[in-house]
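S.K.:
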Amino acid sequence: MAAKTIYKGHYRKLIRVYENFLEWGLANAYRLSGAPVEEYIVDPITTDCEDEYVTAVYFPVEKNPL
-14 MAAKTIYKGH YRKLIRVYEN FLEWGLANAY RLSGAPVEEY IVDPITTDCE
36 DEYVTAVYFP VEKNPL
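Here this note's numbering is used: the first residue of the sequence shown is -14, the next is one more, and so on.
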């Protein structure tokens, strides 16, 4: 099972996606079960505008046993 999020913006702010995932996981009793995967949908090859970068991040998750 995986949680997926889409982020639009420069890569240097991508850390916020990871921080938000940790908050979401704690609030919803999920934990990371593997390494996250980043998919670059709009990247420096397809646009010169850093604010238009689009990245999908997949977090493998499992329910945290209570």
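The beta-carbon is built from N, C-alpha and C at its ideal position, and this holds for glycine as well.
Model, not experiment: these values are computed from the prediction.
Out of curiosity, what's the CA-to-CA distance linking glycine 19 and valine 46?
M.R.: 7 Å
S.K.: How many angstroms separate the CA atom of aspartate 52 from the CA atom of threonine -10?
M.R.: In this structure the chain extends from -14 to 51, so residue 52 is not present and cannot be described.
S.K.: Excluding sequence positions up to five away, which residues of its chain have a Cβ less than 8 Å from the Cβ of alanine 14?
M.R.: Lys48, Asn49, Leu51
S.K.: For the ligand SAH, I want to know if asparagine 49 counts as a neighbour, meaning its beta carbon is within less than 8 Å of at least one of the ligand's heavy atoms.
M.R.: With respect to the ligand SAH, the structure offers nothing, as it holds no ligand at all.
S.K.: Are the CB atoms of arginine 1 and glycine 10 nearer to each other than 9 Å?
M.R.: No, Cβ-Cβ distance for arginine 1 and glycine 10 is not below 9 Å.
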